[in-house]
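Under UniProt numbering, the very last position in the sequence shown is 183; numbers go up by exactly one each time.
Glycine is no exception: its CB is placed at the ideal position from the N, C-alpha and C atoms.
To keep things clear, I will list the structure first and then write my remarks on it.
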Amino acid sequence: MLGLESDAAVYAGFIPARLTADAPGLLPFVLTPLSSTLVHGGLLHLLFNLVTLTFCGIATERALGARGIVVLYLAGAYAACAAQWAVAPASTAVMIGASGAASAIVGAYALLYGRSRTKDFGPVPAWLLHVLWLLIAWTALNLAVGILSAQAGTPIAAAAHVGGFLAGLILCRPLLLWRWRGA
Numbered sequence: 001m002l003g004l005e006s007d008a009a010v011y012a013g014f015i016p017a018r019l020t021a022d023a024p025g026l027l028p029f030v031l032t033p034l035s036s037t038l039v040h041g042g043l044l045h046l047l048f049n050l051v052t053l054t055f056c057g058i059a060t061e062r063a064l065g066a067r068g069i070v071v072l073y074l075a076g077a078y079a080a081c082a083a084q085w086a087v088a089p090a091s092t093a094v095m096i097g098a099s100g101a102a103s104a105i106v107g108a109y110a111l112l113y114g115r116s117r118t119k120d121f122g123p124v125p126a127w128l129l130h131v132l133w134l135l136i137a138w139t140a141l142n143l144a145v146g147i148l149s150a151q152a153g154t155p156i157a158a159a160a161h162v163g164g165f166l167a168g169l170i171l172c173r174p175l176l177l178w179r180w181r182g183a
């Protein structure tokens, strides 16, 4: 391209250490969770996020509505950055891409369209076991991908994916109720 990709990543990406350090940035730190979703590490990265957003986003939007999907995406972006900051607050690694925000939509999609095969386990209701199972499976998958990608020299922000997914699990029901409250 124009050779500006790395500059865009640094200035618009999320850098955890900027919260506590006075590091330079084009945008205020509070906006970088949003701006980082617009910068990607190449065409394949962008394409993967677009496919995920399209596949899960269309079905999830049918249930949550346009406003609900926007709220979910924005909350997912912030939750992803918060999770990445929580595991490495002093990190100067730049986090870019919409994967964390897309993970929030995947989390809501999994709850809306996934079939729960769990039963109550003592005082723990089946729906809670279903949510915990989804979170554990998503975390394990992203941990494995995170380790493999780091070994390959192209690390991904696995914690961001988990944080976004957790936001989707938490917000799905309230957004569903918000959409259908007046119906």
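### Coarse secondary structure for Val124, derived from DSSP in three states
What you label residue 124 is simply residue 124 of the sequence shown in a count that begins at 1. In the structure shown, Val124 sits in a strand (DSSP, three-state: E or B).
### Task
Would you mind sorting Ser116 into buried or exposed? The rule is 16 or more other CB atoms within 10 Å of its CB.
As a working mapping, residue 116 is identified with position 116 in the sequence shown. Around the beta-carbon of Ser116, fewer than 16 other beta-carbon atoms lie within 10 Å, marking it exposed.
### Query
Is Ala167 closer than 8 Å to Gly107 when the C-beta atoms are compared?
For this step, residue 107 is matched to residue 107 along the sequence shown. For this step, residue 167 is matched to residue 167 along the sequence shown. Result yes, Cβ atoms of Gly107 and Ala167 sit closer than 8 Å.
### Task
For Thr37, count neighbouring Cβ atoms within 10 angstroms of its own Cβ and tell me buried if that reaches 16, exposed if not.
Counted from its first residue, the sequence shown places residue 37 at position 37. With 16 or more Cβ atoms within 10 Å of its Cβ, Thr37 is classed as buried.
### Message
Could you give the first and the last residue of the continuous alpha helix (DSSP H) run that contains Arg181?
### Response
On the sequence shown, residue 181 is found 181 positions in, with the first residue counted as 1. Where Arg181 is concerned, there is no enclosing alpha helix (DSSP H), given that its DSSP letter is neither H nor E.
### Cα-Cα separation, Ile15 to Leu31
Position 15 of the sequence shown, counted from the start, is the residue given in the question as residue 15. Position 31 of the sequence shown, counted from the start, is the residue given in the question as residue 31. Our two residues, Ile15 and Leu31, have alpha carbons roughly 11 Å apart in a direct line.
### Task
Please classify Phe165: is it buried, with 16 or more other beta-carbons within 10 angstroms of its beta-carbon, or exposed?
Indexing the sequence shown from 1 puts residue 165 at position 165. With 16 or more Cβ atoms within 10 Å of its Cβ, Phe165 is classed as buried.
### Message
Once the 5 residues before and after Ile147 are set aside, which same chain residues still bring their CB inside 6 Å of it?
### Response
Within the sequence shown, residue 147 is the residue found at index 147, counting from 1. A distance below 6 Å between beta-carbons, with the five flanking residues on each side excluded, links Ile147 to no residue of its chain.
### Message
Could you tell me the alpha carbon to alpha carbon distance between Phe29 and Ser6, rounded to whole angstroms?
### Response
One-based indexing of the sequence shown puts residue 29 at position 29. One-based indexing of the sequence shown puts residue 6 at position 6. Within the model, the alpha-carbon separation for Phe29 versus Ser6 is close to 18 Å.
### Message
Taking DSSP's pairing of strands, which residues face Phe29 in a bridge?
### Response
Stepping through the sequence shown from its first residue, residue 29 is reached at position 29. DSSP, once it has assigned bridges, lists no residue as partnering Phe29.
### Query
What does a CB cutoff of less than 7 Å around Gly41 pick up in its chain, not counting 5 residues either side in sequence?
Your numbering for residue 41 matches position 41 in the sequence shown. Contacts found: Ile96 and Gly97.
### Message
Just to confirm before moving on: does the CB-CB distance between Thr118 and Trp133 stay below 8 Å?
### Response
Locating residue 118 in the sequence shown gives position 118, where the first residue counts as 1. Locating residue 133 in the sequence shown gives position 133, where the first residue counts as 1. Contact flag set, yes.
### Task
With a threshold of 16 other CB atoms inside 10 Å of the CB of Pro125, please say whether the residue is buried or exposed.
Counting from 1 along the sequence shown, the entry for residue 125 is found at position 125. Per the 10 Å Cβ criterion, exposed.
### Chain-order list of residues whose beta-carbon lies under 7 Å from that of Leu169 (same chain, five-residue window excluded)
Working through the sequence shown from its first residue, we reach residue 169 at position 169. For Leu169, where only same-chain residues beyond five positions count, the Cβ hits under 7 Å are Gly107, Leu111, Val131, Leu134 and Leu135.
### Task
Give me the Cα-Cα distance between Val87 and Ala75, rounded to the nearest whole angstrom.
In the sequence shown, the residue the question calls residue 87 occupies position 87. In the sequence shown, the residue the question calls residue 75 occupies position 75. Taken atom to atom, the span from the alpha-carbon of Val87 to that of Ala75 is near 19 Å.
### Task
Please list, in chain order, all residues of the same chain as Trp178 whose beta carbon is under 7 Å from its beta carbon, the five residues on each side excluded.
As a working note, residue 178 is residue 178 in the sequence shown. Sequence-distant Cβ neighbours of Trp178 in its own chain, meaning closer than 7 Å and more than five residues away, are Gly68.
#### Entry: Contact belief for Ala9 with Thr92 at Cβ below 8 Å, rounded distance in angstroms
As a working note, residue 9 is residue 9 in the sequence shown. As a working note, residue 92 is residue 92 in the sequence shown. That belief does not hold up - the Cβ atoms of Ala9 and Thr92 are roughly 12 Å apart, past 8 Å.
#### Entry: Of the listed residues Thr54, Leu19 and Tyr109, nearest to Leu176 (C-alpha basis)
On the sequence shown, position 176 is the one that residue 176 refers to. Among Thr54, Leu19 and Tyr109, the Cα nearest to that of Leu176 is on Tyr109.
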